[in-house]
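> Below is the structure I would like to discuss, written out as structure tokens.
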DNA sequence: CTTACTGTACCGGCTGGACGGTCTTGTCAA
DNA sequence: TTGACAAGACCGTCCAGCCGGTACAGTAAG
């Protein structure tokens with residue numbers, strides 16, 4: 040077929056996420072991912088020499104995306120905290136539910152795959168505290184957003200759209216010290 | 040009926056949670072759980088005729104515990120919201136980190152195992168709204184607590200003890216309309 | 001000739017589950 | 001009181017199936 044400039048790598052990563060979302064995290068096998076990506080098993084293993092590498096790449100890819108979209112939001116002259124809130128809200132709006140189910144596959148494979156995520160969050164939280172003198176506001180906003188993201192991850196559609204927007208608006212007020 | 044004093048069922052459930060926490064959610068196999076519980080594989084299968092049943096029981100057991108401790112906290116004449124906050128805070132203090140890792144095993148096995156949890160949370164949130172007229176306060180407190188629980192679940196020890204206590208104190212103030 | 005794959009075939013390991021057997025316990029007729 | 005017996009509470013083994021990973025031969029594009 041097409042031999043050149045293929046972005047099979049990206050396709051495979053997307054396929055892994057799709058399989059996890061559609062068929063459940065337990066269904067993420069090399070075969071399933073390969074067939075979903077329109078690639079043979081051999082082709083998959085050409086890019087990711089082991090399942091562990093695939094999972095690792097999944098985490099790293101997500102983290103890179105997260106980072107870039109955060110700094111992009113921050114480039115508009117916003118505070119880190121408001122950028123974080125807005126970005127999370129946008130994610131909840133745009134992405135389909137359970138779009139991060141692959142995380143469960145990764146944890147099942149090896150919980151250590153989360154450590155990059157952990158250290159990222161640690162640093163993010165540290166930066167948030169540095170950036171905003173009101174520790175209470177940082178705590179409330181950060182945890183509430185993580186709660187929102189958690190709901191999204193587990194596909195708990197508990198909040199209505201209006202409630203979510205109300206929450207985000209309230210958090211933005213708190214973040215700006217207007218409470 | 041039989042006369043054997045049997046707490047094997049409870050032991051097996053605890054063992055499953057222990058295996059998930061110590062060796063990772065991917066290591067929860069019937070054999071591993073059985074050996075951890077001091078029971079043979081056949082014995083395990085006697086109590087839980089399939090792995091799916093084990094997972095289901097795990098969810099139900101957790102839910103029953105959650106419910107009872109919530110209503111117990113509420114029996115002291117507290118609001119549902121404050122009871123929820125205090126209970127979650129206590130859980131973070133007492134339980135060892137990642138003590139709910141078995142959830143990941145259940146999701147990997149079949150995401151539908153979460154639906155009892157989902158409907159419980161839906162009802163809990165509905166009750167919270169009914170009980171407290173300040174929707175914003177309910178939203179913030181509920182989501183922030185869920186964020187805290189999420190941190191605990193993923194074993195992200197991002198907050199110091201003081202920060203956590205500060206957060207809880209702030210949330211309790213918000214819950215009581217003292218903000 | 002190299003790169004970037006495809007496709008097939010295969011292997012060893014592990015897992016869930018079935019099955020048959022064994023020991024223990026409570027029941028009840030004699 | 002006893003002793004037979006059914007039922008309960010396990011144990012140990014076996015097996016089919018899937019999964020990750022390897023090996024390798026082939027192929028089409030650049």
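Chains as they are written, first to last, in this note's numbering: chain B, 40 to 218; chain F, 40 to 218. Idealized CB from N, CA, C, for every residue including glycine.
Going by C-alpha to C-alpha distance, which of 66/F, 211/F and 178/F sits closest to residue 206/B?
In this structure, 178/F is the residue among 66/F, 211/F and 178/F with its C-alpha nearest to the C-alpha of residue 206/B.
> Using the beta-carbon of each residue, which ones in chain B are nearer than 8 angstroms to residue 149/F?
63 and 65
> Does residue 61/F come out as helix, strand or coil in the three-state DSSP assignment?
helix
> Could you tell me whether the Cβ atoms of residue 197/F and residue 164/B are closer together than 8 angstroms?
yes
> With a cut-off of 8 angstroms, do at least 3 Cβ pairs link the stretch 80-88 of chain B to the stretch 131-143 of chain B?
no
> Quick one: list the residues of chain B neighbouring residue 183/F, beta-carbon separation under 7 angstroms, in chain order.
179, 182, 183 and 186
> What does the Cβ neighbour count give for residue 106/F, buried or exposed, with the cut at 16 atoms within 10 Å?
Exposed.
> Counting C-beta neighbours from all protein chains within 10 Å, is the total for residue 103/F 16 or more, i.e. buried, or is it exposed?
Exposed, by the Cβ-count rule.
> At 8 angstroms on the CB atoms, spell out the chain F contacts of residue 190/B, in chain order.
182 and 185
> Chain B beta carbons: is any one of them nearer than 8 angstroms to that of residue 124/F?
no
> So, under 8 angstroms CB-CB, residue 203/B and residue 140/B are touching, yes? Tell me the CB distance rounded to an integer number of Å.
That belief does not hold up - the Cβ atoms of residue 203/B and residue 140/B are roughly 20 angstroms apart, past 8 angstroms.
> With the cut-off set at 8 angstroms, would you say residue 84/B and residue 51/B are in Cβ contact?
no
> What are the start and end residues of the alpha helix (DSSP H) that includes residue 109/B?
90-114
> Find the nearest neighbour of residue 149/B within the set 47/F, 49/F, 56/F and 67/F, judged by alpha-carbon distance.
For the residues 47/F, 49/F, 56/F and 67/F, the minimum Cα distance to residue 149/B belongs to 67/F.
> With a cut-off of 8 angstroms on the beta carbons, I'd call residue 156/B and residue 214/B a contact; round off their distance for me.
That belief does not hold up - the Cβ atoms of residue 156/B and residue 214/B are roughly 23 angstroms apart, past 8 angstroms.
> Would you please verify whether the beta carbon of residue 133/B is less than 8 angstroms from any beta carbon of chain F?
no
> Please report how far the alpha carbon of residue 182/F lies from the alpha carbon of residue 188/B, in whole angstroms.
In a straight line, the C-alpha of residue 182/F is about 9 angstroms away from that of residue 188/B.
> May I have the straight-line CA-CA distance separating residue 147/F from residue 100/B, to the nearest angstrom?
22 angstroms
> On a CA-only basis, which of 54/B, 128/B, 109/B and 123/B is nearest residue 78/B? Give me that one, please.
54/B
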